[in-house]
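Engineer: Can you keep this structure in mind? I'll have questions shortly.
Residue numbers (my numbering): 67 to 268.
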(Lines of atoms letter the chains of each structure in order from A; the text may use other names.)
(Lines give C-alpha, C1' and ligand atoms only; values in the text may rest on other atoms or scores of the structure.)
Protein backbone atom coordinates (compact mmCIF):
# COMPACT_ATOMS: atom_id res chain seq x y z
CA UNK A 67 0.00 0.00 0.00
CA UNK A 68 1.21 3.47 -0.88
CA UNK A 69 -0.55 6.51 0.55
CA UNK A 70 0.35 9.99 -0.65
CA UNK A 71 -0.40 13.38 0.91
CA UNK A 72 -3.61 13.93 -1.05
CA UNK A 73 -4.86 10.46 -0.06
CA UNK A 74 -4.26 11.31 3.58
CA UNK A 75 -6.04 14.65 3.38
CA UNK A 76 -9.08 13.05 1.72
CA UNK A 77 -9.49 10.39 4.43
CA UNK A 78 -12.33 10.38 6.91
CA UNK A 79 -11.30 12.76 9.72
CA UNK A 80 -11.33 10.13 12.49
CA UNK A 81 -9.58 7.50 10.34
CA UNK A 82 -6.87 10.00 9.41
CA UNK A 83 -6.37 11.02 13.03
CA UNK A 84 -6.05 7.39 14.14
CA UNK A 85 -3.64 6.50 11.33
CA UNK A 86 -1.30 9.47 11.67
CA UNK A 87 -1.31 9.25 15.46
CA UNK A 88 -0.53 5.53 15.53
CA UNK A 89 1.81 4.93 12.57
CA UNK A 90 4.81 6.27 14.56
CA UNK A 91 4.48 3.42 17.04
CA UNK A 92 4.01 3.11 20.78
CA UNK A 93 4.78 6.16 22.92
CA UNK A 94 4.76 6.65 26.66
CA UNK A 95 1.78 8.40 28.19
CA UNK A 96 1.79 10.79 31.11
CA UNK A 97 -0.71 12.61 33.24
CA UNK A 98 0.06 16.33 33.10
CA UNK A 99 -0.71 17.95 36.44
CA UNK A 100 -1.38 21.70 36.74
CA UNK A 101 -3.26 23.98 39.15
CA UNK A 102 -5.52 26.96 38.48
CA UNK A 103 -5.27 30.29 40.29
CA UNK A 104 -8.36 29.15 42.22
CA UNK A 105 -6.22 26.17 43.34
CA UNK A 106 -8.26 23.62 41.37
CA UNK A 107 -6.05 20.74 40.18
CA UNK A 108 -6.19 19.66 36.55
CA UNK A 109 -5.04 16.41 34.97
CA UNK A 110 -4.76 15.81 31.24
CA UNK A 111 -3.45 12.77 29.39
CA UNK A 112 -0.52 13.55 27.07
CA UNK A 113 1.30 11.22 24.67
CA UNK A 114 3.84 13.66 23.24
CA UNK A 115 6.47 13.97 26.00
CA UNK A 116 10.05 14.01 24.68
CA UNK A 117 13.58 14.31 26.04
CA UNK A 118 15.43 17.55 25.28
CA UNK A 119 18.65 17.20 27.26
CA UNK A 120 20.23 16.04 30.50
CA UNK A 121 22.44 19.04 31.34
CA UNK A 122 20.32 20.81 32.38
CA UNK A 123 17.54 18.20 32.56
CA UNK A 124 14.90 19.34 30.08
CA UNK A 125 11.75 17.75 28.71
CA UNK A 126 9.06 18.93 26.36
CA UNK A 127 5.58 18.08 25.20
CA UNK A 128 3.13 19.23 22.55
CA UNK A 129 -0.18 20.91 23.32
CA UNK A 130 -2.98 20.99 20.78
CA UNK A 131 -4.07 24.29 19.17
CA UNK A 132 -5.86 26.83 21.35
CA UNK A 133 -9.03 26.71 19.26
CA UNK A 134 -10.97 25.50 22.31
CA UNK A 135 -10.54 26.03 26.06
CA UNK A 136 -7.27 24.49 27.30
CA UNK A 137 -7.27 24.42 31.09
CA UNK A 138 -3.72 23.07 31.28
CA UNK A 139 -2.43 25.96 29.17
CA UNK A 140 -4.33 28.57 31.15
CA UNK A 141 -2.99 27.10 34.38
CA UNK A 142 0.60 27.14 33.11
CA UNK A 143 0.32 30.82 32.26
CA UNK A 144 -0.66 31.48 35.89
CA UNK A 145 1.67 28.95 37.53
CA UNK A 146 4.70 27.71 35.53
CA UNK A 147 5.21 24.63 37.72
CA UNK A 148 3.68 21.35 36.59
CA UNK A 149 4.09 17.60 36.94
CA UNK A 150 4.38 14.67 34.56
CA UNK A 151 3.18 11.40 36.07
CA UNK A 152 3.66 7.94 34.57
CA UNK A 153 0.70 5.70 33.78
CA UNK A 154 0.63 2.01 34.67
CA UNK A 155 -1.77 -0.73 33.63
CA UNK A 156 -3.11 -0.93 37.19
CA UNK A 157 -4.93 2.41 36.78
CA UNK A 158 -5.09 2.76 33.00
CA UNK A 159 -8.87 3.15 32.88
CA UNK A 160 -8.75 5.99 35.41
CA UNK A 161 -5.94 7.71 33.51
CA UNK A 162 -7.84 7.39 30.23
CA UNK A 163 -10.82 9.12 31.82
CA UNK A 164 -8.63 12.23 32.22
CA UNK A 165 -8.72 12.65 28.43
CA UNK A 166 -12.39 13.65 28.76
CA UNK A 167 -13.22 17.36 28.56
CA UNK A 168 -14.49 18.45 31.96
CA UNK A 169 -15.60 21.92 33.00
CA UNK A 170 -12.80 24.10 34.38
CA UNK A 171 -14.16 23.92 37.93
CA UNK A 172 -14.09 20.09 37.94
CA UNK A 173 -11.04 18.27 39.31
CA UNK A 174 -10.02 15.28 37.18
CA UNK A 175 -8.76 13.64 40.37
CA UNK A 176 -12.31 13.47 41.67
CA UNK A 177 -13.77 12.59 38.27
CA UNK A 178 -11.32 9.73 37.63
CA UNK A 179 -10.82 8.42 41.16
CA UNK A 180 -7.07 9.05 41.14
CA UNK A 181 -5.35 10.29 44.31
CA UNK A 182 -3.91 13.79 44.58
CA UNK A 183 -0.64 14.37 46.43
CA UNK A 184 1.44 17.51 46.90
CA UNK A 185 4.99 18.84 47.16
CA UNK A 186 6.21 20.59 50.30
CA UNK A 187 8.55 22.86 48.33
CA UNK A 188 6.86 23.50 44.98
CA UNK A 189 3.30 24.44 43.93
CA UNK A 190 2.89 21.10 42.15
CA UNK A 191 0.22 18.39 42.22
CA UNK A 192 1.19 14.74 41.64
CA UNK A 193 -0.67 11.49 41.00
CA UNK A 194 -0.04 9.25 44.01
CA UNK A 195 -0.52 6.04 42.01
CA UNK A 196 2.22 6.88 39.47
CA UNK A 197 5.53 5.00 39.64
CA UNK A 198 7.34 8.06 38.30
CA UNK A 199 6.47 11.59 39.34
CA UNK A 200 8.39 14.51 37.83
CA UNK A 201 8.04 18.17 38.78
CA UNK A 202 9.06 20.74 36.19
CA UNK A 203 9.09 24.47 35.64
CA UNK A 204 8.04 25.80 32.24
CA UNK A 205 10.97 27.44 30.45
CA UNK A 206 9.80 28.15 26.91
CA UNK A 207 6.75 27.79 24.72
CA UNK A 208 6.36 28.46 21.05
CA UNK A 209 3.79 27.90 18.35
CA UNK A 210 4.34 25.52 15.45
CA UNK A 211 3.18 27.62 12.52
CA UNK A 212 2.28 24.63 10.34
CA UNK A 213 -0.60 23.51 12.56
CA UNK A 214 -0.78 25.96 15.50
CA UNK A 215 0.21 23.38 18.11
CA UNK A 216 2.32 24.61 21.02
CA UNK A 217 5.61 23.08 22.14
CA UNK A 218 6.24 23.57 25.85
CA UNK A 219 9.63 22.94 27.43
CA UNK A 220 10.23 22.37 31.12
CA UNK A 221 13.23 22.06 33.42
CA UNK A 222 13.13 19.07 35.78
CA UNK A 223 13.05 20.11 39.43
CA UNK A 224 12.42 16.79 41.18
CA UNK A 225 12.13 13.10 40.35
CA UNK A 226 10.24 10.62 42.50
CA UNK A 227 11.16 7.04 41.48
CA UNK A 228 11.48 3.78 43.40
CA UNK A 229 15.13 2.70 43.59
CA UNK A 230 14.15 -0.72 42.22
CA UNK A 231 13.22 0.86 38.88
CA UNK A 232 16.70 2.27 38.18
CA UNK A 233 19.59 -0.02 37.21
CA UNK A 234 23.25 0.41 38.17
CA UNK A 235 23.91 2.54 35.07
CA UNK A 236 21.02 4.92 35.70
CA UNK A 237 18.61 3.41 33.17
CA UNK A 238 14.93 3.51 34.04
CA UNK A 239 13.34 0.05 33.84
CA UNK A 240 9.95 0.74 32.25
CA UNK A 241 8.88 -2.91 32.10
CA UNK A 242 9.65 -3.48 35.78
CA UNK A 243 7.66 -0.38 36.71
CA UNK A 244 4.69 -1.56 34.63
CA UNK A 245 4.66 1.56 32.45
CA UNK A 246 1.97 1.74 29.76
CA UNK A 247 2.14 3.34 26.34
CA UNK A 248 -0.23 4.30 23.56
CA UNK A 249 -0.33 4.07 19.77
CA UNK A 250 -2.86 6.45 18.33
CA UNK A 251 -5.48 7.97 20.58
CA UNK A 252 -6.72 5.01 22.63
CA UNK A 253 -4.80 1.81 21.76
CA UNK A 254 -2.80 1.02 24.91
CA UNK A 255 0.26 -1.20 25.28
CA UNK A 256 2.77 -2.41 27.84
CA UNK A 257 6.55 -2.24 27.37
CA UNK A 258 8.87 -5.26 27.28
CA UNK A 259 12.65 -4.95 27.44
CA UNK A 260 14.33 -6.87 24.61
CA UNK A 261 18.04 -6.43 25.35
CA UNK A 262 20.74 -3.99 26.43
CA UNK A 263 23.37 -3.39 23.74
CA UNK A 264 26.77 -1.72 24.24
CA UNK A 265 27.45 1.82 23.04
CA UNK A 266 27.95 1.64 19.26
CA UNK A 267 31.34 2.73 17.95
CA UNK A 268 32.73 2.78 14.39
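Where is the CB? At the ideal position from N, CA and C, for every residue including glycine.
Would you tell me roughly how many angstroms separate the C-alpha atoms of residue 246 and residue 84, rounded to the nearest one?
Structural biologist: Answer to the nearest angstrom: the Cα atoms are 18 Å apart.
Engineer: Mapping DSSP to helix, strand and coil, what is residue 120?
Structural biologist: Reduced to three states, the DSSP call for residue 120 is strand.
Engineer: Does the Cβ-Cβ distance between residue 108 and residue 102 come in under 8 Å?
Structural biologist: For residue 108 and residue 102, yes; Cβs fall inside 8 Å.
Engineer: Report yes or no: do three or more beta-carbon pairs, one from the stretch 114-129 and one from the stretch 204-220, lie closer than 8 Å?
Structural biologist: Touching, yes.
Engineer: If residue 95 and residue 153 are in contact, beta carbons under 8 Å, what's the gap, nearest whole angstrom?
Structural biologist: With 8 Å as the limit, residue 95 and residue 153 qualify as a contact, their Cβ atoms being about 5 Å apart.
Engineer: What residue range is occupied by the uninterrupted alpha helix (DSSP H) comprising residue 256?
Structural biologist: No alpha helix (DSSP H) holds residue 256; the beta strand (DSSP E) holding it covers 253-256.
Engineer: Identify which residue in 143, 268, 90, 243 has its Cα closest to the Cα of residue 257.
Structural biologist: Of the listed residues, the one whose Cα sits closest to residue 257 is 243.
Engineer: If you pair each beta-carbon of the stretch 198-209 with each one of the stretch 221-229, do three or more pairs fall below 8 Å?
Structural biologist: The stretch 198-209 vs the stretch 221-229: in contact.
Engineer: Closer than 7 Å by C-beta to residue 241: which residues in its own chain qualify, once you throw out the five before and the five after it? Chain order, please.
Structural biologist: Hits under 7 Å: 257, 258, 259.
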